[in-house]
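To keep things clear, I will list the structure first and then write my remarks on it.
Numbering (my numbering), first residue to last: 1 to 304.
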């Protein structure tokens, strides 16, 4: 069952499987509303379920599956940190940061959202990152010159605007953006935004910003960077920019996330296990680990 606002995408994927030669019925699209999901999960023919979606949806699926004692894999939201440490290639990091934040118009669970930068390179990174975000063209997604299109839904746009307004009202500074583009009032657009001076009292510090809005933090050392990176209910993935092997070892050991990508942006690849910890869910998709989520191990023993 796909999200209710993309039925044609779901049917197109089903058609691709059919044309590729998969057995009939191997992949079936259910054009049903969310209210019908519980009955599907409770059906005796359903052995397990995997969900990619929001935290509330994950809670609902996990609750029903738990009641039925059925296995689940949940891939939920994320608020991935993007750490830039003193030995980083700042120019590359800043350029990648722009792409990492606005991929799919910022509507990606693995998009970097919180940019945590060491004081030694903060000013240089901020200058390049903000300039890159300012240069993005917002507009018609069918125009090849557009960098950032509209959000998927009006509610999504409004939710994002509320997070920004809450932060600005509590003292955050908008280094760019911070509002809907005036020339695109009729669409579900939001300007690429960078917020500084964000504090734990602001909603955007704790909630997922599902759109082209970045939060920028200055830290004094690696200890503070790791603590801030982990100061979130989520733990999907993370990005770290450094040339220092000691930094690498520390971040692999201490970052609370399902993945750590060094000197590059988080990517989903069929060969890599994908999933998170904390409120980002549990279980793994993709790779051999993902295949095994759909299998049961059987112990076979023969006596003499």
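Backbone N, C-alpha and C define an ideal beta-carbon position, used for all residues, glycine too.
Residues that residue i bridges to, as DSSP identifies them
i	result
residue 281	75
residue 116	83, 217
residue 239	82, 261
residue 274	285
residue 194	176, 214
residue 234	278
residue 138	148
Start-to-end residues for the beta strand (DSSP E) that takes in residue i
i	result
residue 176	173-176
Which listed residue (the options) has its alpha carbon closest to that of residue i
i	options	result
residue 129	198, 154, 99	99
residue 106	222, 278, 193	193
residue 64	38, 78, 246	38
residue 117	220, 27, 150	220
residue 166	175, 195, 17	195
residue 52	237, 141, 2	2
residue 136	149, 68, 248	149
residue 85	6, 97, 14, 119	119
residue 233	259, 301, 208	208
residue 179	303, 169, 190, 185	190
residue 123	110, 270, 257, 91	91
residue 131	97, 152, 104	97
residue 110	247, 76, 297, 22	76
residue 242	224, 261, 279	261
residue 43	185, 69, 248	69
residue 286	267, 304, 302	267
residue 168	197, 138, 78, 159	197
residue 34	271, 181, 5	5
residue 182	222, 139, 19	139
residue 108	157, 211, 143	211
residue 141	20, 82, 103	103
residue 280	112, 298, 78, 60	78
residue 282	171, 298, 259	259
residue 112	215, 298, 292, 290	215
Whole-angstrom distance between residue j and residue i, CA atom to CA atom
i	j	result
residue 230	residue 205	11 Å
residue 11	residue 57	22 Å
residue 202	residue 134	24 Å
residue 294	residue 226	34 Å
residue 213	residue 93	17 Å
residue 31	residue 284	26 Å
residue 274	residue 114	20 Å
residue 62	residue 36	15 Å
residue 252	residue 228	15 Å
residue 66	residue 80	28 Å
residue 25	residue 14	9 Å
residue 88	residue 239	12 Å
residue 249	residue 269	23 Å
residue 300	residue 217	54 Å
residue 126	residue 264	18 Å
residue 176	residue 147	16 Å
residue 72	residue 50	5 Å
residue 95	residue 296	44 Å
residue 224	residue 163	24 Å
residue 174	residue 237	26 Å
residue 47	residue 28	16 Å
residue 55	residue 278	11 Å
residue 186	residue 151	12 Å
residue 145	residue 16	29 Å
residue 235	residue 74	13 Å
residue 157	residue 9	21 Å
residue 83	residue 199	17 Å
residue 172	residue 246	33 Å
N- and C-terminal bounds of the alpha helix (DSSP H) containing residue i
i	result
residue 99	90-102
residue 209	Where residue 209 is concerned, there is no enclosing alpha helix (DSSP H), given that its DSSP letter is neither H nor E.
residue 163	154-169
residue 255	Taken as a continuous stretch (DSSP letters only), residue 255 belongs to no alpha helix (DSSP H), as it is neither H nor E.
residue 15	7-19
Unbroken stretches of the beta strand (DSSP E), 3 residues or longer, contained in the region 38-66: 48-52
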